[in-house]
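In our numbering, the protein residues as written are 1 to 142.
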């Protein structure tokens with residue numbers, strides 16, 4: 001089981017590196033240096049707390065740094081091996097105001113302690129999160 005988790009983590013790392021290297025359509029020099037200096041600041045593109053989640057799901061769009069933060073948090077949520085680690089990454093995702101269905105999918109992975117191979121709801125919940133990221137982050141391949 002430990003070997004399978006290590007293999008899964010390795011595959012996720014390779015996928016992240018590949019996704020990051022394959023999207024050279026926009027200049028990254030200024031945004032990468034900006035992301036290093038502004039990573040501790042909350043994103044300017046976050047929806048306001050008064051915005052209903054269902055209507056903001058269609059209009060959400062994040063900058064590249066935020067999209068990478070969301071994508072990494074999703075990947076780390078999937079490979080978490082206990083609910084405490086999963087909660088950390090779920091909190092990162094939830095601060096960006098996902099729709100209620102996506103929040104429920106995120107919470108599912110917190111309760112299961114990450115993606116579990118024997119989870120009957122694994123694919124449907126993972127797809128909800130992935131589709132939300134694809135809608136808000138066009139240059140990231142989650």
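Cβ coordinates follow ideal geometry from the N, Cα and C atoms, glycine included.
| said: Beta-carbon within less than 7 Å of residue 110's beta-carbon, same chain only, minus the 5 sequence neighbours each way: which residues are those? | reply: The sequence position of residue 110 within the chain shown is 110, counting from 1. The beta carbon of residue 110 is closer than 7 Å to those of 83, 86, 87, 90 in its chain, skipping five residues each way along the sequence.
| message | Just verifying my parser: in three-state terms, what is the DSSP assignment at residue 120? | response | By one-based count along the chain shown, residue 120 stands at place 120. Coil, per DSSP.
| message | Give me, in chain order, the residues of the same chain whose beta-carbon lies closer than 8 Å to that of residue 67; leave out the 5 immediate sequence neighbours on both sides. | response | The residue given as residue 67 occupies position 67 in the chain shown. Residues 133, 136, 137, 139, 140 of the same chain have their beta carbon placed closer than 8 Å to that of residue 67, with the five preceding and five following residues left out of the count.
| query | What is the C-beta distance between residue 114 and residue 79, in whole angstroms, given that I count them as a contact (C-beta under 8 Å)? | reply | Position 114 of the chain shown, counting from 1, holds the residue named residue 114. Position 79 of the chain shown, counting from 1, holds the residue named residue 79. Residue 114 to residue 79, Cβ: 6 Å. Contact.
| request: Mind reading off the beta-carbon distance from residue 129 to residue 95? Whole number of angstroms is fine, and I expect it under 8 Å. | output: Along the chain shown, read from residue 1 onward, the residue named residue 129 stands at position 129. Along the chain shown, read from residue 1 onward, the residue named residue 95 stands at position 95. That pair is no contact at about 14 Å.
| field | Cβ shell of residue 116 (< 8 Å), same chain only, five flanking positions each side left out | value | Here residue 116 refers to the residue found at position 116 of the chain shown. For residue 116, where only same-chain residues beyond five positions count, the Cβ hits under 8 Å are 122.
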